[in-house]
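Listed in order, the protein sequences are those of chains A and B. Just so you know, we're using my numbering here: the first sequence kicks off at 4 and counts up by one. Just so you know, we're using my numbering here: the second sequence kicks off at 675 and counts up by one.
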Amino acid sequence: MRITGISRMLDSARAGLLATGLALAGLAGGLASCGLQKDIDVVLPVLPAQLVVEAYLEDGQVPRLTVTESVAYLSAPTPTIPTEITVTLTLPDGSRENLRFAPGFDRGTGKAYTHIGTRPLSPQPGQRFQLEVTDNKGRRVTGSATMPARIPIDTVEWQFNDREPEFREALILTRFRDPATPLNFYRIMIHKDSITDDPESEFALEDRLNNGEEFTLGTSFRFRPNDTVVVTLFHLDQAYNNFLESVEDARNANGNPFSQPAGIRSTVEGGIGVFTVLSYDRRTVIVR
Amino acid sequence: MTLRFAFGLFLLAFTLLPAACFAQARYTLSGLVKAAGNGEILPGATVAVPALGLGATADEKGAYQLTLPAGRYQLVVSFIGYQSLSRDLNLNRNQRQTFQLTAAGNELGEVVVEGSGTLEQKLQTTQMSVERLTAKEAKLLPALFGEVDILKTLQLKPGVQNGGEGTTGLFVRGGAADQNLVLLDDALVYNPSHLFGLFSVFNSDAVQSVDLYKGGFPAQYGGRLSSVVDVKMRPGNAEKIGVSGGIGLISSRLALEGPIKKGKGAFLVAGRRTYFDVFTRQINRLSADDPEFDPIPDYYFYDFNAKANYKLGPKDELFLTGYYGNDVFGFNSQNGFNFDFNWGNRVASLRWNHVYNSRLFLNTTLSYTGYKYEITNRIDQFSFSLASDIQDFTLRSDLDYRPNDQHEFRFGATLTNHRFGTGRLQAGSDDGRINFGSDTRYSGQEGAVYASDVYKPNDKWQFEYGLRASGFQSEGAGNRYGGLEPRAAARYAIKSNVSVKASYALMYQYVHLVTNSGASLPTDIWYPSRESVLPQRSQQVAAGVSWLLGNGRYLLTNEVYYKWAQRQIDFKDGAQLFVNPDLDSEFLFGKGWAYGNELYLEKKQGRLTGWIGYTLAWTNRQFPAQRGTAGINNGNSFFPIYDRRHNLSVVGIYNLSERLKLTSSFVFSSGQPTTLPQARFLFQDVFGENGGPVPVYPQRNTTRLAPVNRLDIGLVWQMKPTRWIPAADLTFSIYNAYNRRNPFFVFFEQLEDPETEEITGFRARQVSLFPVIPSVTYNFKF
Chain A
4 MRITGISRML DSARAGLLAT GLALAGLAGG LASCGLQKDI DVVLPVLPAQ
54 LVVEAYLEDG QVPRLTVTES VAYLSAPTPT IPTEITVTLT LPDGSRENLR
104 FAPGFDRGTG KAYTHIGTRP LSPQPGQRFQ LEVTDNKGRR VTGSATMPAR
154 IPIDTVEWQF NDREPEFREA LILTRFRDPA TPLNFYRIMI HKDSITDDPE
204 SEFALEDRLN NGEEFTLGTS FRFRPNDTVV VTLFHLDQAY NNFLESVEDA
254 RNANGNPFSQ PAGIRSTVEG GIGVFTVLSY DRRTVIVR
Chain B
675 MTLRFAFGLF LLAFTLLPAA CFAQARYTLS GLVKAAGNGE ILPGATVAVP
725 ALGLGATADE KGAYQLTLPA GRYQLVVSFI GYQSLSRDLN LNRNQRQTFQ
775 LTAAGNELGE VVVEGSGTLE QKLQTTQMSV ERLTAKEAKL LPALFGEVDI
825 LKTLQLKPGV QNGGEGTTGL FVRGGAADQN LVLLDDALVY NPSHLFGLFS
875 VFNSDAVQSV DLYKGGFPAQ YGGRLSSVVD VKMRPGNAEK IGVSGGIGLI
925 SSRLALEGPI KKGKGAFLVA GRRTYFDVFT RQINRLSADD PEFDPIPDYY
975 FYDFNAKANY KLGPKDELFL TGYYGNDVFG FNSQNGFNFD FNWGNRVASL
1025 RWNHVYNSRL FLNTTLSYTG YKYEITNRID QFSFSLASDI QDFTLRSDLD
1075 YRPNDQHEFR FGATLTNHRF GTGRLQAGSD DGRINFGSDT RYSGQEGAVY
1125 ASDVYKPNDK WQFEYGLRAS GFQSEGAGNR YGGLEPRAAA RYAIKSNVSV
1175 KASYALMYQY VHLVTNSGAS LPTDIWYPSR ESVLPQRSQQ VAAGVSWLLG
1225 NGRYLLTNEV YYKWAQRQID FKDGAQLFVN PDLDSEFLFG KGWAYGNELY
1275 LEKKQGRLTG WIGYTLAWTN RQFPAQRGTA GINNGNSFFP IYDRRHNLSV
1325 VGIYNLSERL KLTSSFVFSS GQPTTLPQAR FLFQDVFGEN GGPVPVYPQR
1375 NTTRLAPVNR LDIGLVWQMK PTRWIPAADL TFSIYNAYNR RNPFFVFFEQ
1425 LEDPETEEIT GFRARQVSLF PVIPSVTYNF KF
């Protein structure tokens, strides 16, 4: 099990303790406890803006990626999109493809992108891709990514609880087998009806404690009869996993006094962000 | 030096010493100084011969010793807060006498204003950088929720920082939270706090005193780098059965004590429990119909203390101490989600005190300490648990030998067997289809031998010097470490009322707290030195001057210190600290250094007593590039969160009348360093499901929170005795009297349009923990 899961549980415990402490203070302080939060002015050091890259290559899809810039935390929320950017993708055969600047939205996911390629890719496990992003200010971001092996989902099962028909709900059990090689990382997303909605459940796992064994993941009772459930099992490389963990840690650190703020562990160099090749298996079932 | 060799030296010393002591010819008066009525020992009490201008001070076990020429003398035994005792003595042989002093002033015996240790004694002693507090002193001062806490009171002393407002964590002279050796009757306490540090585990009804050593560590202490917190439980009343207790805002206490057998021994049992959960359950019940209401989790803690002493004979006495405490935190929802989080300490020690003769004492202690936490989480048919623990068995022996008035030798040895459970994980389902777990355990043995001497060549000079040899081993080839720890201190009396002092100490620490929160939390785990995690080491030099002013009514002390430490521990960004069999790989190692000046003015007599402490200090840490990382803050030095530039505390206790005392404390400290995001970027994720801003933290602790200042006020009203309750008081406290919003932490919040849910901006918010909190506590004794 990925440790961030444990950390999250510990964070929950700490946050719960904090809530208890605040409630304690509130009870004891009565009305005076109102206003234990207040706006303050904070002067932050000014950091030079960094290029931010988010690029996922996917089998059968035209490559699309987003290049933005980091901004001062308290600045206006409008995204900063640099325009004078050159993006070059190097394919496993060594050929190079420039992705053109054409901001738009992906209809499938609703995600924004800034650059797009010309033809769909057919990456195979083990193939290595490279990315280079440069701009007219001398900034250069590079990264490489190798497609992990596809790990198949063995079974997706559901199991209803014993409640009355109008309250019947099912849990979902997903099974797959971890390969014998160590350092495998997984992300499981379980969507209801469509992957464009937020997932109902999401798990992050690694095989450190049970390498080479069968993994079984279960949700809580949350699916109604006739729900369509989409289970996606991503097999991640360690760099991508580290990046996801660091994003989660960084977000959790804002507002959690017990968390140690940590830097983003990007998969790219020269900037912030992720460049990876997605490798996943997907099952769709109807809960009946 | 190997452990075997060091222990050999120790045994040799033990073998030769008794032969040496019988060669002495002078007559010695020795014994104990106790409180009349309850038999409580009185460390710091003086036994003086005014005619000769000589005297002795009772040590931490209440024992004194005075060597004099044969003759008739008048002795004066005194201790602040007690009536002085005068006795005639005909010294014609070595004698042993126990003196009993009667408490001055009141029936509860709790409102002794001046505290322990006279200013004169503080001036004279070689030991510097030490703070002593009694529970009686702590009980007078205003406290958060009215919960008297001796560790929080220590935070009012110079050189001691807290881990956050209202918490008990001690950060001493730039040391981290895990670098304090916390002892309860010689047994180690690993996690001395309840509720993430808001309360300490020490029940004020059961505690007699605490000594905090910030530097100049005596050789009998070791195993931690920065401080020794030596807590002593009080013995039970040796004369009669007594009951005492208190009813407070969030907890109640009850203690029972009395003789086991008249003249032979006494016992004390004390317990307390919070009842905060009673209120929160009621609130949850009343708000059950409110869909917007988030139920408050159940939380309470309880602890029990016990102490018994029994005289086996004229020269042998046994002391048994026990502590058992738990924090219980739980959340059970109706939709199948259950969460339980329990943690606690268990401590036990058995000490055998043997008096060979009036000059030679032996104390042998067998102790056990254990700390564990367990989190269990259950959702529908799936369960998940996480636990960690540490257990120690320790055998130590200390031999005190006082051949004459010029020397006080002390020799000792200690051996500890550690068992570390750094992470136990178990996950499963009711039907057994999911079942996996992990359990990572280590063991280690820690030992030390030491010898020290307090040498008083004349009235001007006084020296204390010692050497400690310590070692540690854990599983695995080559996992053996050790070193010599020299200790030295000197005092020179410039005038009868002015002394200058200096000290040096080297310390090793072989077990380490794994935490990435900067504060000590229940979920932190202890980890042994092994392979790539070498023992931490520190050295400290300190110098100071003590000046008795105003005919002995004031003591002004100024100390400067410089401490430097190697192999300090921190962790990589994103380190996996829990259930990680390869935890070694997550450590980063660096150095630390701290320096500062502590100014302290104390008044212990008169209607107004108290102290003013001011500390100017710097604490730095530096972790260079290593292990595939750029280090911390790119290898540049940085201030840890417990660095405070200025720290001021003013404590006053004023006797309004015989039955009424007004107390107050004021604190000011510079803001603590904190890490705030300096930039953000937009992240969409694979399907756009986690879209939103991500904070960027390029450096640690580059910002400081606002300074902290707070005034607490208290009033202690001694009630008139009644037939049934001969002694009682009401203690009123107002914590944070002017309702200052001191910062606990700062976070950034995103502002959203309520209709479109679009982000419209960002703002910084400061969270405070405690507003003005009035409380009242009723204490009784019969």
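The beta carbon of each residue, even a glycine, is placed where N, CA and C say it ideally should be. As the structure is a prediction and not an experimental result, all values here were calculated from the model.
Host alpha helix (DSSP H) of ASN958 (chain B) (start-end):
As a first step, residue 958 (chain B) is located in the second sequence; it is residue number 284 there, counting from the start. Note, ASN958 (chain B): alpha helix (DSSP H), 950 to 960.
C-alpha distance - GLY1362 (chain B) paired with THR199 (chain A), whole-angstrom precision:
Translated into the one-based positions of the second sequence, residue 1362 (chain B) becomes position 688. Translated into the one-based positions of the first sequence, residue 199 (chain A) becomes position 196. Cα to Cα, the separation comes out at about 8 angstroms.
Determine the closest residue to SER2 (chain A) out of A:LEU54, A:VAL46, A:ASP42, with distance taken between C-alpha atoms.
Absent from the model: residue 2 (chain A). The displayed extent of chain A is 4 to 291, so no value can be given.
Work out the CA separation of ALA207 (chain A) and ARG180 (chain A) for me, nearest whole Å.
Counted from its first residue, the first sequence places residue 180 (chain A) at position 177. Counted from its first residue, the first sequence places residue 207 (chain A) at position 204. If you take the alpha carbons of ARG180 (chain A) and ALA207 (chain A), they lie about 15 angstroms apart.
Go ahead and pull the three-state DSSP assignment for ILE1399 (chain B).
Position 725 of the second sequence, counting from 1, holds the residue named residue 1399 (chain B). Three-state result, ILE1399 (chain B): coil.
Straight-line gap, ARG227 (chain A) to THR235 (chain A) (C-alpha atoms, nearest Å)
The residue labelled residue 227 (chain A) in the question sits at position 224 within the first sequence. The residue labelled residue 235 (chain A) in the question sits at position 232 within the first sequence. Approximately 19 angstroms between the Cα atoms of the pair.
Name the one or two DSSP bridge partners that LYS938 (chain B) has.
Counted from its first residue, the second sequence places residue 938 (chain B) at position 264. The partner list for LYS938 (chain B) (beta bridge, DSSP) is empty, contrary to what the question assumes.
Measuring CB atoms only, is the segment 96 to 104 of chain A touching the segment 251 to 263 of chain A, in the sense that at least three cross pairs come out at less than 8 angstroms?
Three or more beta-carbon pairs separated by less than 8 angstroms are not found between the segment 96 to 104 of chain A and the segment 251 to 263 of chain A, which leaves the two stretches without contact.
Proximal residues of chain A, C-beta to C-beta of THR1463 (chain B) below 7 angstroms:
Nothing can be reported for residue 1463 (chain B): it is not among the residues displayed for chain B, which extend from 675 to 1456.
Would you mind working out which of B:LEU1425, B:TRP1238, B:TYR1228 sits nearest ARG1282 (chain B), comparing C-alpha positions?
Numbered from its first residue, the second sequence carries residue 1282 (chain B) at position 608. Looking at the sequence provided, one finds Leu at residue 1282 (chain B) rather than Arg. Minimum Cα distance to LEU1282 (chain B) is reached at B:TYR1228.
Please confirm whether VAL250 (chain A) has its beta-carbon closer than 8 angstroms to some beta-carbon of chain B.
Against the first sequence, residue 250 (chain A) aligns to sequence position 247. At least one chain B Cβ lies under 8 angstroms of VAL250 (chain A).
State yes or no: is the C-beta of GLY1284 (chain B) within less than 8 angstroms of the C-beta of LYS1277 (chain B)?
In the second sequence, residue 1284 (chain B) corresponds to position 610, counting from 1. In the second sequence, residue 1277 (chain B) corresponds to position 603, counting from 1. GLY1284 (chain B) is a Cβ neighbour of LYS1277 (chain B), given a cutoff of 8 angstroms.
Residue from B:VAL721, B:ARG959, B:LYS735, B:VAL1390 with nearest C-alpha to ASP762 (chain B):
Here residue 762 (chain B) refers to the residue found at position 88 of the second sequence. Comparing Cα positions, the closest option is B:VAL721.
Could you please tell me which residues of the segment 1411 to 1423 of chain B, in chain order, have their CB closer than 9 angstroms to any CB of chain A?
ASN1413, ARG1415, PRO1417, PHE1418, PHE1419, VAL1420, PHE1421, PHE1422, GLU1423
Rounded to a whole number of angstroms, what is the C-alpha to C-alpha distance between GLY141 (chain A) and ASN1310 (chain B)?
To locate residue 141 (chain A), count along the first sequence from 1; it is residue 138. To locate residue 1310 (chain B), count along the second sequence from 1; it is residue 636. Looking at the two C-alpha atoms, the distance is approximately 27 angstroms.
Going by DSSP, name the residue or residues bridged to LEU1282 (chain B).
Here residue 1282 (chain B) refers to the residue found at position 608 of the second sequence. BP columns for LEU1282 (chain B) point to B:TYR1328.
Through-space distance from ASP1072 (chain B) to PHE1035 (chain B), alpha-carbon basis
Reading the second sequence from its first residue, position 361 is the one you call residue 1035 (chain B). Reading the second sequence from its first residue, position 398 is the one you call residue 1072 (chain B). Rounded to the nearest angstrom, the two C-alpha atoms are 8 angstroms apart.
Chain-ordered residues of the segment 1353 to 1364 of chain B with a beta carbon less than 7 angstroms from chain A:
ALA1353, ARG1354, PHE1355, LEU1356, PHE1357, GLN1358, VAL1360, PHE1361, GLY1362, GLU1363
Using 8 angstroms as the threshold, is the C-beta distance between VAL1341 (chain B) and ASN1383 (chain B) below it?
Within the second sequence, numbered from 1, the residue matching residue 1341 (chain B) stands at position 667. Within the second sequence, numbered from 1, the residue matching residue 1383 (chain B) stands at position 709. Their beta carbons are under 8 angstroms apart, which means VAL1341 (chain B) touches ASN1383 (chain B) by this criterion.
At the 8 angstroms Cβ level, is TYR1452 (chain B) part of the contact set with chain A, yes or no?
As a working mapping, residue 1452 (chain B) is identified with position 778 in the second sequence. Between TYR1452 (chain B) and chain A, the shortest Cβ-Cβ separation is not below 8 angstroms.
Do HIS1186 (chain B) and ASP859 (chain B) have their CB atoms nearer than 8 angstroms?
Along the second sequence, read from residue 1 onward, the residue named residue 1186 (chain B) stands at position 512. Along the second sequence, read from residue 1 onward, the residue named residue 859 (chain B) stands at position 185. Contact: no.
Local Cβ density within 10 Å of ALA152 (chain A), reported as buried at 16 or more and exposed below that:
Here the question's residue 152 (chain A) lines up with position 149 in the first sequence. It counts as exposed.
Would you say GLU135 (chain A) reaches chain B, if we count a Cβ-Cβ gap shorter than 8 angstroms as a contact?
Position 132 of the first sequence, counted from the start, is the residue given in the question as residue 135 (chain A). The beta carbon of GLU135 (chain A) does not come within 8 angstroms of any beta carbon belonging to chain B, so the residue lies off that interface.
Does GLN835 (chain B) have its Cβ less than 8 angstroms from a Cβ in chain A?
Position 161 of the second sequence, counting from 1, holds the residue named residue 835 (chain B). Not one chain A Cβ lies under 8 angstroms of GLN835 (chain B).
Within its chain, find whatever has a CB closer than 6 angstroms to the CB of ASP210 (chain A); leave out the 5 residues flanking it on each side and keep chain order.
One-based indexing of the first sequence puts residue 210 (chain A) at position 207. If we look at ASP210 (chain A) and ignore the five residues flanking it on each side, its Cβ neighbours are ASP181, ASN187.
Using the Cα positions of GLN769 (chain B) and ASP1127 (chain B), report the straight-line distance between them to the nearest angstrom.
Here residue 769 (chain B) corresponds to residue number 95 of the second sequence, with the count starting at 1. Here residue 1127 (chain B) corresponds to residue number 453 of the second sequence, with the count starting at 1. Approximately 23 angstroms, taken between the alpha carbons.
Would you please verify whether the beta carbon of VAL65 (chain A) is less than 8 angstroms from any beta carbon of chain B?
In the first sequence, counting from the first residue as 1, residue 65 (chain A) sits at position 62. With 8 angstroms as the cut-off, VAL65 (chain A) does not count as an interface residue toward chain B.
Sufficient close CB pairs (3 or more, under 8 angstroms) joining the segment 1178 to 1185 of chain B to the segment 1195 to 1212 of chain B:
yes
Any beta carbon of chain B sitting closer than 8 angstroms to that of PHE224 (chain A)?
Locating residue 224 (chain A) in the first sequence gives position 221, counting from the first residue. Interface residue, yes.
Below 8 angstroms between beta carbons: does that hold for VAL884 (chain B) and LEU942 (chain B)?
For this step, residue 884 (chain B) is matched to residue 210 along the second sequence. For this step, residue 942 (chain B) is matched to residue 268 along the second sequence. A distance of 8 angstroms or more separates the beta carbons of VAL884 (chain B) and LEU942 (chain B).
Quickly, what does DSSP pair SER867 (chain B) with across the bridge? List them, please.
Indexing the second sequence from 1 puts residue 867 (chain B) at position 193. Answer is B:SER874.
Is any beta-carbon of chain B found at less than 8 angstroms from that of ALA35 (chain A)?
If you number the first sequence from 1, residue 35 (chain A) lands on position 32. Residue placement at ALA35 (chain A) is flagged as unreliable, the pLDDT there being 43, under the threshold of 50; the coordinate-derived value follows with that caveat. With 8 angstroms as the cut-off, ALA35 (chain A) counts as an interface residue toward chain B.
What residue range does the beta strand (DSSP E) around VAL751 (chain B) cover?
As a first step, residue 751 (chain B) is located in the second sequence; it is residue number 77 there, counting from the start. Start and end: 745 to 752.
Please tell me whether LEU844 (chain B) and VAL903 (chain B) are closer than 8 angstroms, where the distance is taken between their beta carbons.
Taking the first residue of the second sequence as position 1, residue 844 (chain B) is located at position 170. Taking the first residue of the second sequence as position 1, residue 903 (chain B) is located at position 229. Yes, Cβ-Cβ distance for LEU844 (chain B) and VAL903 (chain B) is below 8 angstroms.
My output table needs one value for PRO168 (chain A): the three-state DSSP class, helix, strand or coil.
Taking the first sequence and counting its residues from 1, the one referred to as residue 168 (chain A) is at position 165. Helix.
Any C-beta of chain A under 8 angstroms from that of ALA851 (chain B):
Within the second sequence, residue 851 (chain B) is the residue found at index 177, counting from 1. So, not an interface residue.
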